[in-house]
Amino acid sequence: MTLDIKICGLKTDAAMAAALAGGASHVGFIFFAKSPRYVEPAEAGRLRQAATGRAKAVAVTVDADDAFLDEIVAGMQPDMLQLHGAETPARVAELKSRYGLPVMKVLSVSEAADIERIKPYIGIADRFMFDAKPPKGSQLPGGNGVAFDWRILTGLDAGLDYMLSGGLNAANVGDALRLANPPGIDISSGVESAPGVKDPALIEQFFRAVRTARDDRAA
-16 MTLDIKICGL
-6 KTDAAMAAAL
4 AGGASHVGFI
14 FFAKSPRYVE
24 PAEAGRLRQA
34 ATGRAKAVAV
44 TVDADDAFLD
54 EIVAGMQPDM
64 LQLHGAETPA
74 RVAELKSRYG
84 LPVMKVLSVS
94 EAADIERIKP
104 YIGIADRFMF
114 DAKPPKGSQL
124 PGGNGVAFDW
134 RILTGLDAGL
144 DYMLSGGLNA
154 ANVGDALRLA
164 NPPGIDISSG
174 VESAPGVKDP
184 ALIEQFFRAV
194 RTARDDRAA
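Under the working numbering, the first residue of the sequence shown carries the number -16, and numbering increases by one thereafter.
Below you can see the structure in the form of structure tokens.
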């Protein structure tokens, strides 16, 4: 099984180069003003050019209104929208129709019961992401560097297309792949030297850890 790998919260040419060199299938750009990973749509549009033909460029938003989404789509020309807020199934369907783009809906989880919240979105969202619930007091819906019990994902339908996110790093990605066997993984803070500062060496280390874990499983 191929494993999709998304490096999210990219802001620099060096980080983009490291993500693409490592074999990222998706590169993500954050359009949430409170995030240290925030980037302007025009700058994301410049950065995403390097990914053309190599990786899918994902615009990550949090309950963005139509005017801001229009600006993002025009400035960045993403391949996919990632909705990380409280967007309803109707809103997901509306945005798919408005922009003609696939949508990945993020659900925050901490226990098995949270997985049930996926049901109204099945058949509407093109893909899902399961991220850890943010710690109390955090203003960020994601990128907090916290994980959840990955074993709760083993109850998902085998054909469900999703990414596992939350607290991943080079040290624990092998456990995540072994316990949940997800079709995709997403990392942001786990390859940073400081909040919002991607470290190309840590990105390279992460990809190396993924390859090692997959080789070990195949042996």
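Idealized CB from N, CA, C, for every residue including glycine.
Using the Cα positions of residue i and residue j, report the straight-line distance between them to the nearest angstrom.
i           : j           : result
residue 57  : residue 104 : 26 Å
residue 12  : residue 166 : 21 Å
residue 138 : residue 74  : 27 Å
residue 162 : residue 153 : 15 Å
residue 193 : residue 157 : 7 Å
residue 16  : residue 102 : 30 Å
residue 78  : residue 201 : 40 Å
residue 8   : residue 50  : 28 Å
residue 159 : residue 131 : 10 Å
residue 142 : residue 28  : 32 Å
residue 63  : residue 140 : 23 Å
residue 106 : residue 61  : 22 Å
Considering only residues of the same chain and omitting the five flanking positions on each side of residue i, which have a CB-CB separation below 6 Å?
i           : result
residue 199 : none
residue 125 : The pLDDT assigned to residue 125 is 48, lower than 50, so where the model puts this residue is not dependable; a value taken from the coordinates is nonetheless given after this. Correct list, in chain order: 67, 114.
residue 178 : 19
residue 108 : 75, 86, 88
residue -15 : none
residue 136 : 163
residue 24  : 54, 55, 58, 59
Looking only at its own chain, which residues have a Cβ that is under 7 Å from the Cβ of residue i, when we skip the five neighbours before and after it?
i           : result
residue 190 : 5, 6
residue -7  : -1, 2, 10, 11, 12, 30, 181
By the DSSP assignment, the alpha helix (DSSP H) with residue i in it spans what residues?
i           : result
residue 187 : 183 to 201
residue 78  : 72 to 82
residue 57  : 49 to 59
residue 29  : 24 to 30
residue 41  : Where residue 41 is concerned, there is no enclosing alpha helix (DSSP H), although the beta strand (DSSP E) it sits in stretches over 39 to 44.
residue 157 : 156 to 163
Just mark residue i as buried or exposed, buried being the case when its beta carbon has 16 or more other beta carbons within 10 Å.
i           : result
residue 123 : Any reading at residue 123 needs caution, since the residue's pLDDT is 49, under 50, leaving its predicted position unreliable; the model's value is listed next. With 16 or more other Cβ atoms within 10 Å, it is buried.
residue 176 : exposed
residue 169 : buried
residue 110 : buried
residue 148 : buried
residue 44  : buried
residue 42  : buried
For the beta strand (DSSP E) containing residue i, name the first residue and the last one.
i           : result
residue 13  : 9 to 14
residue 0   : Here residue 0 belongs to no beta strand (DSSP E); instead the alpha helix (DSSP H) covers -4 to 5.
residue 106 : Careful: residue 106 lies outside any beta strand (DSSP E) and carries neither H nor E.
Leaving out the 5 sequence neighbours to the left and right, which residues in its chain are closer than 8 Å to residue i when beta-carbon positions are compared?
i           : result
residue 186 : -10, -2, 1, 2, 5, 174
residue 134 : 162, 163
residue 195 : 157
residue 22  : -7, -6, 12, 13, 14, 30
Indicate whether the contact test is met: 3 or more Cβ pairs, each with one atom in the region 63 to 83 and one in the region 22 to 35, closer than 8 Å. no
Answer yes if the region 90 to 101 comes into contact with the region 42 to 55, meaning at least three C-beta pairs across the two stretches below 8 Å, and no otherwise. no
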